[in-house]
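One structure is given below, encoded as structure tokens.
Protein chains: 4
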Amino acid sequence: MSGNSQKQPNRIALLTSGGDAPGMNAAIRATTLYALHHGIEVIGFKHGYNGLIHNEWMALDEPVVREIIGSGGTILKSARCEEFKSPAGMQQAADNLKALDIDALVVIGGDGSFIGLTKFKQFYPGQTIGIPGTIDNDIDGTDHTIGFATAVDTAVNAIDKIRDTADAFERIFLVEVMGRKSGFLALNVGIACAAEHIITFENFSNPGIELQHIASKIHRIKKSRGQCSYLIVSAENLYPGGANQLASDLADYASIECIPCVLGYIQRGGDPVAKDRILATHMGAFAVKQLLAGHTDVMIGIDGQHCLQVPLASSTKHYKEVNASLLAIQEDLQDLL
Amino acid sequence: MSGNSQKQPNRIALLTSGGDAPGMNAAIRATTLYALHHGIEVIGFKHGYNGLIHNEWMALDEPVVREIIGSGGTILKSARCEEFKSPAGMQQAADNLKALDIDALVVIGGDGSFIGLTKFKQFYPGQTIGIPGTIDNDIDGTDHTIGFATAVDTAVNAIDKIRDTADAFERIFLVEVMGRKSGFLALNVGIACAAEHIITFENFSNPGIELQHIASKIHRIKKSRGQCSYLIVSAENLYPGGANQLASDLADYASIECIPCVLGYIQRGGDPVAKDRILATHMGAFAVKQLLAGHTDVMIGIDGQHCLQVPLASSTKHYKEVNASLLAIQEDLQDLL
Amino acid sequence: MSGNSQKQPNRIALLTSGGDAPGMNAAIRATTLYALHHGIEVIGFKHGYNGLIHNEWMALDEPVVREIIGSGGTILKSARCEEFKSPAGMQQAADNLKALDIDALVVIGGDGSFIGLTKFKQFYPGQTIGIPGTIDNDIDGTDHTIGFATAVDTAVNAIDKIRDTADAFERIFLVEVMGRKSGFLALNVGIACAAEHIITFENFSNPGIELQHIASKIHRIKKSRGQCSYLIVSAENLYPGGANQLASDLADYASIECIPCVLGYIQRGGDPVAKDRILATHMGAFAVKQLLAGHTDVMIGIDGQHCLQVPLASSTKHYKEVNASLLAIQEDLQDLL
Amino acid sequence: MSGNSQKQPNRIALLTSGGDAPGMNAAIRATTLYALHHGIEVIGFKHGYNGLIHNEWMALDEPVVREIIGSGGTILKSARCEEFKSPAGMQQAADNLKALDIDALVVIGGDGSFIGLTKFKQFYPGQTIGIPGTIDNDIDGTDHTIGFATAVDTAVNAIDKIRDTADAFERIFLVEVMGRKSGFLALNVGIACAAEHIITFENFSNPGIELQHIASKIHRIKKSRGQCSYLIVSAENLYPGGANQLASDLADYASIECIPCVLGYIQRGGDPVAKDRILATHMGAFAVKQLLAGHTDVMIGIDGQHCLQVPLASSTKHYKEVNASLLAIQEDLQDLL
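Heads up: the sequence lines are chains H, L, A and E, in that order. Letter by letter, the first sequence follows residues 1 to 337 of the UniProt record's numbering. Letter by letter, the second sequence follows residues 1 to 337 of the UniProt record's numbering. Letter by letter, the third sequence follows residues 1 to 337 of the UniProt record's numbering. Letter by letter, the fourth sequence follows residues 1 to 337 of the UniProt record's numbering.
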């Protein structure tokens, strides 16, 4: 839960953790500049929680962050960190923060990073705050995470190209997008690409039913439209064996030939689109305001046009479902085809 | 005000009016497909209200709209229409709709188009519905209009290039973006480009004060940063004479040399980004749902993640202000520089 | 060999065959418009040689091609065609051309298409001409093929995004690009992405040596640079089992962990870049000039800034090697790392 | 003229001068890495010739240039320099080079920069070499200059967006592109955008004739096509008063309404496309080879696929004309409309 401490922080630390997401640099920039604006010093730990444990850091000032708003990746680097899961690792991290007189720690990352940060409260007495940065948009308590909008556009641009070939050859393509355990990317990308079929966690029951469903739809469309392109967008980690297996099963069980494409890592990088730059700027500045107001153990979220804070632990407690209204519209449109 | 009529429409008409906006085609597609899904026939009038008066139309079916979700412009063409401002023009339009047995008219456009549509109720007894499509985002009752997200990205991508030259030469650039009488484009583009200065309707008092403000900030920054690039983003229709005059005045009154750039019409076209495709799909399908529910004289809006309807007349009654929190953050960041 | 016939063609046919390539539409447009300019009628067969055999065609005139210069894919669709490999298929195709009074056949495609077209001379007495369209650039007799420039940019843009993640995590990525049996894409993409290592047909000896080579380079670089990102770009169809197997072998034999990415079909589609639009326009117009001059059985090529014609059969006779000077530079730069 | 000196340079200097061009950073990188590969030290002067006179420089090594191949602008900054036109300025520059033991100076820039470098031979005894970097492609002795390909694509992407609006409104747009005193950008951009009319230095006689020519073509097209979009692409510095004046004159003298757009500075920046990255890498490495071979007073050029050297003075002596064959094709296509 958030609470109020008495005094303004003098020095804070930032780090980026987990999968990189476009806009993390914009969040580093905004947090840094806004803190400086309020007379707070800022340092950045490198390589996620590893840097916290091994005391790798750099000072963050205006020249360092001046030109990074539009760059993908993260100037602080990122990493997964097994050591931070152990009490010894957390203690070492807390000791380093204390030695550097760090009054608050801001972590830009996803749910794994926030689970770690929540536990770290037992070792570190300073303020902690999370800024949600992940392309998967799978963090509860915020409409959007930093990086999601860019990843959607990246995937859509890629699939628009695949559609050209699908149209030219009048063939079926099956494209697997990222998203870890959630369907935000698949649903949004699929709608924006006018996918004839979207497979996401919310509408998937089991492999056999899905196979049958796809097959009957394709046969129906071939009758009504004649030969034409057909695009299936699928979330990863859903159909056992992924897109390649699904394509193989469609061939075996329904004599349907489709070309599987796994979009892969292109979805994680790239210059952030305007929306992610603005969201990151908004969240970074808002995070500093919360520190100034004495809040701790919170995550910054966006609700419509407004930033808010939620208890950090709540952000990882519930599965966030995709927009039900959009999903229903997609299924209605699919029925028509 | 919205109300309920008794029966479902059998045939509806669409048109696009006013300045074109990326995503209009996606809205045409979604409205058409969703209507077809419910057994409603769809036709499209061409050239905005002109087509309504001169009876230029085409049937809209699945093959016509199949590949347009990602195309800029509008397959129905657009235009301004003086004739529609006269009772004679409106009567002719209503007669044409009646002759074609059109139960409802859906207009995708901006505030001028909606003012016309509101008046048209006196002549046309069918249902009317507006879908907000304009890059300016200056329609009240909706967080976003179709086309705004794309226009922001287009302007940001253009200014990112200008920044390269500004950095290489360490010079001052003054970029004027569109927006008609509102500052949404200027504020969002400016934040995303890390503009050192943004001039928008909400923070502009008068030319003299603005000149002095810019000059003092530039002199301060030159002292603190040394020579460096400096970017001013300005809304159009604000400083008298526009960017060229402002650049000239900065030279005359403050001996500050800056290069004016008017981004112009590139902001209106282009393939819609994913967000505009999704928003247009959402709004188009939602509009058909409202027609089915018997609503009329409403505009579709988006509030956070959810579509809603508002009385059509209310959408053009009030000036919609930019996000005050974002503006305040921008001004704090500017102060720091 | 090319020769002169006596009279100007009255009616010609176009088709696109083999893998689609960005710029095919621009070639269709230019050939059509230039032919029309000289009073020649134009029709387009659909689905490659299949349309020729099954008599599927459409008239090509100015409105049909007006807006296609910048569209990926091909409005004439494409396909592979087994039937065209048989004498019966070829005879049917020739009969259809005769029945339609087609004086010349222009085929936009790759080497498989040109081998077919060369054989087709035995059945068809009209003029034949090939325009090289393939992203692989593996056609002899021309510096560049239509689609190559776009595919290089597409792959480079994708890998730039992957580099962001590689930099953020300081990890090794292994990206497989297309190219069929040639290394043009791999070399050009690798240089443009500043790949630390490029595996192409010209520098590959055998899997064991390649493995050893990569491993020793990576170990050397880790010593000199410390932890950093490292990018390997590989041609497809080269290392047995492709990028996934190579990654697995690097783990097994050298304990090097790298992430394999297969870019796949995104490289085939997309709006053509300016260079491909201009090349296609140049070649299309030049092809018509050759027809007017009575040439037949030739392929259009580009040599520096100038179009030329080469005997069609020669275009598929020799393996075209990548630019040796660029390859040598790349290897020198790699040595330095 | 080029000649041979006896020994290999030990230390060289780079600078970028004149208008920035995408790919300058790639040229800095390649020259630096290739020199390092041969055991040569490299420094970079900042702000063009100004840095040479005022002794502003930085060491260039592998970490400095590691990530710059894809960045627009120039890490060495650029500038025009009046001081370098005076003997005193040149002498000071030469003294600085001598004091730093610089054996060779490599200048990446355009014709103004090369005229300066040619004169500088009287003051500086070391080797000099020019690498052509300008978006205008107006340097003789090379098919292409670094930055040209990117600028063409940037302008084409911008105009594709304008075409959307032109199509939606069926209106005439007049777009002015850069190019200084040459028509390479106008011709290549115009062809790639399927411009209905291109105004370039090679086909322009005088304002009155041009006006009449445009007007009669537009009237003819309106008759044949009906209302439709119409795009004129014009080189800058050609019609007196530029696009705005031409639009005004078309209105006054021919009652033709068209919308003028000046693309402006977006054409100078942006991440370089693959072609410019490869060209810059090729030229940078080749420049070092020429230094090693003892050549001096030369410019690097590209002829088809191969780099070559030409006497530096010759590169600025003659006006380079656009590809006559492309221009003729464009005019034939225009006649058809």
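Note that CB positions come from ideal geometry on N, CA and C, so glycine has one too. Fair warning: this is a prediction, and the values are worked out from it, not measured in the lab.
For H/L250, collect the residues of the same chain with a Cβ closer than 6 Å to its Cβ; drop the 5 residues on either side in sequence, then sort them by chain order. As a first step, residue 250 of chain H must be located in the first sequence, where it is residue number 250. Closer than 6 Å at Cβ, skipping near neighbours: I256 and C258.
Run down chain E in chain order and give the residues with a C-beta less than 8 Å from the C-beta of L/E67. Looking up residue 67 of chain L in the second sequence gives position 67. Per Cβ cutoff of 8 Å: no residues; L/E67 is ~15 Å from chain E at best.
Can you give, in chain order, each stretch of the beta strand (DSSP E) that sits fully within the stretch 169–206 of chain L and has at least 3 residues? Taken in chain order, the complete beta strand (DSSP E) segments of 3 residues or longer contained in the stretch 169–206 of chain L are 172–177 and 197–199.
A/K77, buried or exposed, once every other Cβ within 10 Å from all chains shown has been counted against 16: Residue mapping note: residue 77 of chain A aligns to position 77 of the third sequence, counting from 1. With 16 or more other Cβ atoms inside 10 Å of its own Cβ, A/K77 counts as buried.
Quick one: Cα of E/R268 to Cα of H/L97, how far? Sequence index remark: in the fourth sequence, residue 268 of chain E carries index 268 (1-based). Sequence index remark: in the first sequence, residue 97 of chain H carries index 97 (1-based). About 46 Å.
With a threshold of 8 Å between beta carbons, is E/Y124 in contact with chain A? Within the fourth sequence, numbered from 1, the residue matching residue 124 of chain E stands at position 124. Output row for E/Y124: interface = no.
Please check if any C-beta of chain A sits within less than 8 Å of the C-beta of H/S325. The residue labelled residue 325 of chain H in the question sits at position 325 within the first sequence. Output row for H/S325: interface = no.
For L/Y319 and chain E, any beta-carbon pair shorter than 8 Å? Here residue 319 of chain L refers to the residue found at position 319 when the second sequence is read from its first residue. No, L/Y319 lies away from the interface with chain E (no Cβ there is under 8 Å from its Cβ).
Counting along the chain, where does the beta strand (DSSP E) carrying E/E41 start and finish? As a first step, residue 41 of chain E must be located in the fourth sequence, where it is residue number 41. Membership of E/E41 in the beta strand (DSSP E) is indicated by the continuous run E41 to F45.
Is A/A186 close to the ligand PLP? I mean its beta-carbon at under 7 Å from any heavy atom of the ligand. Only the bare structure without any ligand can be found here, which leaves the ligand PLP out of the picture.
In this structure, what does DSSP give as the bridge partners for E/Q309? Your numbering for residue 309 of chain E matches position 309 in the fourth sequence. Looking at the DSSP assignment, E/Q309 forms a beta bridge with E/I300.
Can you tell me whether DSSP reads A/G294 as helix, strand or coil? Position 294 of the third sequence, counted from the first residue, corresponds to residue 294 of chain A. Judged by DSSP in its simplified three-state form, A/G294 adopts coil rather than helix or strand.
Check distances from the C-beta atoms of the stretch 149–171 of chain L to those of chain E and list, in chain order, the residues that come in under 9 Å. Within the stretch 149–171 of chain L, the residues whose Cβ lies closer than 9 Å to some Cβ of chain E are T154, N157, A158, I159, D160, K161, I162, R163, D164, T165, A166, D167, A168, F169 and E170, listed in chain order.
Of the residues H/L52, H/K161 and H/A94, the one placed nearest H/L231, counting alpha carbons only: Counting from one through the first sequence, the residue named residue 231 of chain H turns up at place 231. If we check each option's Cα against that of H/L231, H/K161 comes out closest.
Local Cβ density within 10 Å of E/K275, reported as buried at 16 or more and exposed below that: In the fourth sequence, counting from the first residue as 1, residue 275 of chain E sits at position 275. By the Cβ neighbour-count rule, E/K275 is buried, with 16 or more other Cβ atoms within 10 Å of its own.
Would you check if the distance between the CB atom of E/T134 and the CB atom of E/T150 is smaller than 8 Å? Taking the fourth sequence and counting its residues from 1, the one referred to as residue 134 of chain E is at position 134. Taking the fourth sequence and counting its residues from 1, the one referred to as residue 150 of chain E is at position 150. Contact: no.
Residue-level contact to chain L via CB, E/T32, 8 Å cutoff: Locating residue 32 of chain E in the fourth sequence gives position 32, where the first residue counts as 1. With respect to chain L, the C-beta atom of E/T32 has no partner C-beta closer than 8 Å.
Taking 8 Å as the CB-CB limit, is L/I266 close to chain E? Within the second sequence, the letter at position 266 stands for residue 266 of chain L. Among the CB atoms of chain E, one or more fall inside 8 Å of the CB of L/I266.
Residues within the stretch 181–193 of chain E neighbouring chain A, beta-carbon criterion of under 8 Å: So the close ones are N188, V189, I191, A192 and C193.
Beta carbon of L/V106, beta carbon of L/I129: below 8 Å? Sequence index remark: in the second sequence, residue 106 of chain L carries index 106 (1-based). Sequence index remark: in the second sequence, residue 129 of chain L carries index 129 (1-based). The answer is yes: Cβ separation under 8 Å.
Is H/I209 buried or exposed, if buried means 16 or more other CB atoms sit within 10 Å of its CB? Residue numbering aside, residue 209 of chain H sits at position 209 when the first sequence is read from its first letter. With fewer than 16 Cβ atoms within 10 Å of its Cβ, H/I209 is classed as exposed.
In this structure, does DSSP put E/P260 in helix, strand or coil? Counting from 1 along the fourth sequence, the entry for residue 260 of chain E is found at position 260. E/P260 carries a strand assignment under DSSP once its states are collapsed to helix, strand and coil.
To the nearest whole angstrom, what separates the beta carbons of A/L291 and A/Q127, a pair I think is in contact under 8 Å? Position 291 of the third sequence, counted from the first residue, corresponds to residue 291 of chain A. Position 127 of the third sequence, counted from the first residue, corresponds to residue 127 of chain A. With a Cβ gap of about 6 Å, A/L291 and A/Q127 count as contacting.
If you run the structure through DSSP and keep just helix, strand and coil, what is E/Q122? By one-based count along the fourth sequence, residue 122 of chain E stands at place 122. In this structure, DSSP gives E/Q122 a state outside helix and strand, which the three-state scheme calls coil.
Inter-residue Cα distance where the pair is E/F120 and E/E202: Position 120 of the fourth sequence holds residue 120 of chain E. Position 202 of the fourth sequence holds residue 202 of chain E. In this structure, the alpha-carbon of E/F120 lies about 33 Å from that of E/E202.
Please classify A/Y253: is it buried, with 16 or more other beta-carbons within 10 angstroms of its beta-carbon, or exposed? Translated into positions along the third sequence, residue 253 of chain A becomes position 253. Around the CB of A/Y253, fewer than 16 other CB atoms lie within 10 Å, so the residue is classed as exposed.
Among A/V273, A/E83, A/F148 and A/I43, which residue has its Cα nearest to the Cα of A/V64? The sequence position of residue 64 of chain A within the third sequence is 64, counting from 1. Closest option to A/V64, judged by alpha-carbon separation, among A/V273, A/E83, A/F148 and A/I43: A/I43.
Is the beta carbon of H/K217 sitting closer than 8 Å to the one on H/H197? If you number the first sequence from 1, residue 217 of chain H lands on position 217. If you number the first sequence from 1, residue 197 of chain H lands on position 197. Yes, the pair counts as a contact, with Cβ atoms nearer than the cut-off.
Contact criterion: CB-CB distance below 8 Å. Does L/A247 meet it with respect to chain E? Within the second sequence, residue 247 of chain L is the residue found at index 247, counting from 1. At a cut-off of 8 Å between beta-carbon atoms, L/A247 makes no contact with chain E.
Is the stretch 53–62 of chain H touching the stretch 74–90 of chain H in the sense that three or more CB pairs, one from each, lie closer than 8 Å? Yes, they touch.
Under 7 Å by beta carbon: chain E residues contacting A/G70: By 1-based counting over the third sequence, the position of residue 70 of chain A is 70. The answer, in chain order, is D160.
Quick one: is A/T316 near chain E, going by C-beta distance under 8 Å? For the purposes of this step, residue 316 of chain A is identified with residue 316 of the third sequence, where counting begins at 1. Taking Cβ atoms only, chain E never reaches closer than 8 Å to A/T316, which makes this a no.
Where does L/K7 land, buried or exposed, given buried means 16+ other C-beta within 10 angstroms? Within the second sequence, residue 7 of chain L is the residue found at index 7, counting from 1. Within 10 angstroms of the beta-carbon of L/K7 lie fewer than 16 other beta-carbons, which makes it exposed.
Report the rounded CA-to-CA distance for A/V273 versus E/D153, giving the unit in angstroms. On the third sequence, position 273 is the one that residue 273 of chain A refers to. On the fourth sequence, position 153 is the one that residue 153 of chain E refers to. Separation of A/V273 and E/D153 (C-alpha to C-alpha, rounded to the nearest whole angstrom) is 7 Å.
Using the rule of at least 16 other Cβ atoms within 10 Å of the residue's Cβ for burial, across every protein chain shown, is H/E176 buried or exposed? Translated into the one-based positions of the first sequence, residue 176 of chain H becomes position 176. Taking all protein chains shown into account, H/E176 has 16 or more neighbouring C-beta atoms within 10 Å of its C-beta and is therefore buried.
Members of the stretch 269–299 of chain H near chain L, C-beta cut-off 7 Å: For the stretch 269–299 of chain H, which is checked against every Cβ of chain L, the residues closer than 7 Å are V273, A274, K275, R277, I278, T281, H282 and A285.
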